[in-house]
Structures are given as structure tokens and as C-alpha cells.
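Enquirer:
Residue numbers (the numbering used here): 259 to 399.
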């Protein structure tokens, strides 16, 4: 089945697997975290059944690096959104998101600042569009 999946689908599956990892960092995969993962899957065209399979799988899903800065931001934003669904182990989750940012192709020198800037914007209820515009310089190579 995976042989016939598009790059986009593989990237979204990789993102959902990353979100599951963030949700499980504190040992409590909460209802709110599951709900958000299903919403993100649905927004990206992944069925609830497929999301359930990804959540339950023991097999690692190959990490896919986004092909552009817009996708990099979207993947990082979703990871931080997941991180903020509960406040337990926030520092550990921030560290995970910084590592994820680097894997997504964000320069190591700015990954921490970028993650903290997104977190601050989300906590202040700044719109996603405005946060993205504010962070554009951190994403451009």
C-alpha cells in the first residue's frame, strides 16, 4: 500500500507520527491530544481509520522533510499546537519541537528562537497567519 502513496501523503503520515510522539512524551496520550491529531489528519486528507492505524503502529514511519518553508512552518506549528494541548512536561516538549524543527530543515542556530516565537504567539492568541509572517525570516535560507 505504501508503495503507491504520494509524497504529500507520506509527509502527512510522518507528521502525524511526530505528533503522536509529542503526545506520548508525558506518558499520557490525552483525549484532547487524540482529537487534535484526528483534526490535523482530516485537514490534510487522511481518514480517521488511517490515523488510527498510524497511532497504533509499532513500525517506524519514515521521516519526510518538507520541500518548502511553508510546509516546514505548518509542520512545526502543528507540532507546537500538539505540545500546548496540555502543560505537562512543557520544557521536554519544547526541546522535542526544537529537534523536530532542525530535522524539518530549520537552521540549528535559529530553531530554538523560532519554536519559542511560535509558542509565544500561540499563547498570546496571535493568528496563525500573523505568526507565520513574523517567523518568515527564520525559515528563509
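Note that beta-carbon positions come from the ideal geometry of N, C-alpha and C, so glycine has one too.
Considering only C-alpha positions, which residue in the set 391, 384, 283 and 363 is nearest to residue 324?
Expert: When each option's Cα is compared against that of residue 324, the closest is 363.
Enquirer: Once you ignore the five residues that flank residue 368 on each side, which residues in its own chain have a CB closer than 8 Å to its CB?
Expert: 396
Enquirer: Please specify which runs of the alpha helix (DSSP H), each continuous and at least 4 residues long, are wholly inside the region 293 to 344, giving them in chain order.
Expert: 306 to 314 and 327 to 341
Enquirer: Is residue 264 helix, strand or coil when you go by DSSP?
Expert: When secondary structure is reduced to three states using DSSP, residue 264 falls in the coil class, being assigned neither helix nor strand.
Enquirer: Measure the Cβ-Cβ separation of residue 281 and residue 291 and say whether it is below 9 Å.
Expert: yes
Enquirer: Kindly indicate which residue of 378, 287, 315 and 359 has the alpha-carbon position closest to the one of residue 322.
Expert: Closest option to residue 322, Cα to Cα, is 359.
Enquirer: Does DSSP put residue 385 in a helix, in a strand, or in coil?
Expert: In the structure shown, residue 385 adopts coil according to DSSP, grouped into three states.
Enquirer: What are the start and end residues of the alpha helix (DSSP H) that includes residue 354?
Expert: 348 to 361
Enquirer: Below 7 Å CB to CB, which residues in the same chain sit around residue 337 once its five sequence neighbours on both sides are set aside?
Expert: 276, 277, 280, 355 and 358
Enquirer: So, under 8 Å CB-CB, residue 288 and residue 344 are touching, yes? Tell me the CB distance rounded to an integer number of Å.
Expert: Contact between residue 288 and residue 344 holds: their C-beta atoms lie close to 6 Å from each other, under 8 Å.
Enquirer: Which residue's Cα is closest to the Cα of residue 349: 283, 320 and 315?
Expert: 283
Enquirer: Give every residue of the same chain whose Cβ lies closer than 7 Å to the Cβ of residue 365, excluding the five residues on either side of it in the sequence, and list them in chain order.
Expert: If we look at residue 365 and ignore the five residues flanking it on each side, it has no Cβ neighbours.
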